[in-house]
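**Student:** I'd like to ask some things about the structure below.
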Amino acid sequence: MSKILNLIVICAIIGCVSAKSIDWETRIVGGNETTIQNHPYQASILAPGYIHVCSGAIYSSRYIITAGHCIYRAIPYEVRVSVGSTAYASGQIYTVDRIIWHASFRPDPLFYDIGLVRTSYNMLFSDTVKPIALNSELFSGPTNATTTGWGSYSSGSGPSMNLRMLNVTTITNEDCRNAHTAGGMGNVIIENVICANTTTSQGMCNGDAGGPMVKDDKLIGLVSWGVPCARGYPDVYVRISSHVDWIIRNAI
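So our numbering is basically just the index in the sequence shown, starting at one, shifted up by 17.
Pasting the structure below:
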């Protein structure tokens, strides 16, 4: 296992069946509170007991896109999805009947960290529940974007009850690879990820994995992993443009 990342079993979802089912530390540190009206595509992935464990983005009336490690080896009937509310605990709750992670997914280190969650029946669209379009264009940065989630806003605290957002700026994969090489993670920065700069007071930590990165009302990334927590190393996101075909083929 990587020495710079703290890996723990997502016991809440799969009952500690496998040590390879992990939670790479990802939550928003810093940032500001926002509302679901500003981000109606936002979804919360819930473990038994309605515990928020990850975020996701609404793709269609049945499918949520999230990070693969959030649902790896999860049992569908134990997972719930919450949408439509600034406070994840107050959202519309849907049961799940199908979970898919990428066939090339690897948990440690993370590769092809993308997955799909299918609700048991159609989500009801409204002003607070809407799908988001996928970005299919390749860009190398810098690009200004927004990421959102219910993760903790300070190291050591629990999930935020209300949705939070953070403005980020992407960087080139080369710069990201160079930044992570010292910690032994440079080889994980491949063409199907995006990186964003962080500071020592703003970035990702536990609870926001799978959270959408959005620019111009299009999904360009999903929170994947980072060096916990907001220590100035770039955060790493799944690059959506590299996975559009996979999403279309599987979200049926």
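Cβ atoms here follow ideal geometry from the backbone N, Cα and C, with glycine treated the same way.
Label Asp130 either buried or exposed according to how many other C-beta atoms from any shown protein chain fall within 10 Å of its C-beta, with 16 as the threshold for buried.
**Tutor:** buried
**Student:** Report the rounded CA-to-CA distance for Val210 versus Ser61, giving the unit in angstroms.
**Tutor:** Straight across, the Cα-Cα distance linking Val210 with Ser61 is about 22 Å.
**Student:** Can you tell me where the beta strand (DSSP E) with Val253 in it begins and where it stops?
**Tutor:** Asp252 to Arg256 is the extent of the beta strand (DSSP E) around Val253.
**Student:** In its own chain, which residues sit with a C-beta less than 7 Å from the C-beta of Ala196, not counting the 5 before and 5 after it?
**Tutor:** Tyr250 and Pro251
**Student:** Beta carbon of Thr186, beta carbon of Pro229: below 8 Å?
**Tutor:** no
**Student:** For the alpha helix (DSSP H) containing Trp242, name the first residue and the last one.
**Tutor:** Where Trp242 is concerned, there is no enclosing alpha helix (DSSP H), although the beta strand (DSSP E) it sits in stretches over Lys235 to Trp242.
**Student:** Output the distance between the C-alpha atoms of Thr83 and Ala199, rounded to the nearest integer angstrom.
**Tutor:** 28 Å
**Student:** Compute the distance between the beta-carbons of Arg266 and Gly238, then report whether it is under 8 Å.
**Tutor:** no
**Student:** Let me know if Ser153 comes out buried or exposed under the rule of 16 or more other beta-carbons within 10 Å of its beta-carbon.
**Tutor:** exposed
**Student:** If you count every other CB in all the chains shown that lies within 10 Å of the CB of Tyr138, and 16 or more means buried, which is it?
**Tutor:** Exposed: under 16 other Cβ atoms inside 10 Å.
**Student:** For the 8 Å Cβ check, are there 3 or more pairs between the segment 103-115 and the segment 54-73?
**Tutor:** yes
**Student:** Grab me the residues of Pro93's own chain with a C-beta within less than 7 Å of its C-beta, minus the 5 sequence neighbours each way, in chain order.
**Tutor:** Val113, Asp114, Arg115 and Ile116
**Student:** Which residues mark the beginning and the end of the alpha helix (DSSP H) in which Thr198 is found?
**Tutor:** Asn190 to Thr198
**Student:** Would you mind working out which of Met202, Asn184 and Leu183 sits nearest Asn190, comparing C-alpha positions?
**Tutor:** Met202
**Student:** Within the same chain, show all residues whose beta-carbon is closer than 6 Å to that of Glu50, passing over the 5 residues directly before and after it, in chain order.
**Tutor:** Cβ neighbours of Glu50 within its own chain (closer than 6 Å, five residues either side excluded): Asn179 and Arg181.
**Student:** What's the gap between the Cα of Ser77 and the Cα of Asp192?
**Tutor:** 34 Å
**Student:** Leaving aside the five residues before and after Gln109 along the sequence, list all residues of the same chain whose C-beta is less than 6 Å from its C-beta, in chain order.
**Tutor:** Val100 and Gly101
**Student:** When burial is assigned at 16 or more other CB atoms within 10 Å of the CB, is Ile269 buried or exposed?
**Tutor:** The C-beta of Ile269 has fewer than 16 other C-beta atoms within 10 Å across all chains shown, which makes the residue exposed.
**Student:** Are the CB atoms of Val261 and Leu151 nearer to each other than 8 Å?
**Tutor:** yes
**Student:** Look at the alpha carbon of Leu63 and the alpha carbon of Gly166, and state the distance between them as a whole number of angstroms.
**Tutor:** Roughly 13 Å separates the two Cα atoms.
**Student:** Please list the segments of the beta strand (DSSP E) lying wholly inside the segment 129-182, counting only runs of 3 or more residues, in order along the chain.
**Tutor:** 132-136 and 161-166
**Student:** Would you mind sorting Ile207 into buried or exposed? The rule is 16 or more other CB atoms within 10 Å of its CB.
**Tutor:** exposed
**Student:** Which word fits Asp144, buried or exposed, when buried means at least 16 other C-beta atoms lie within 10 angstroms of its C-beta?
**Tutor:** exposed
**Student:** Straight-line CA distance for Pro124 to Ile264?
**Tutor:** 19 Å
**Student:** Find out if the Cβ-Cβ distance for the pair Thr136, Arg79 is shorter than 8 Å.
**Tutor:** yes
**Student:** Using the Cα positions of Ala74 and Pro148, report the straight-line distance between them to the nearest angstrom.
**Tutor:** 7 Å
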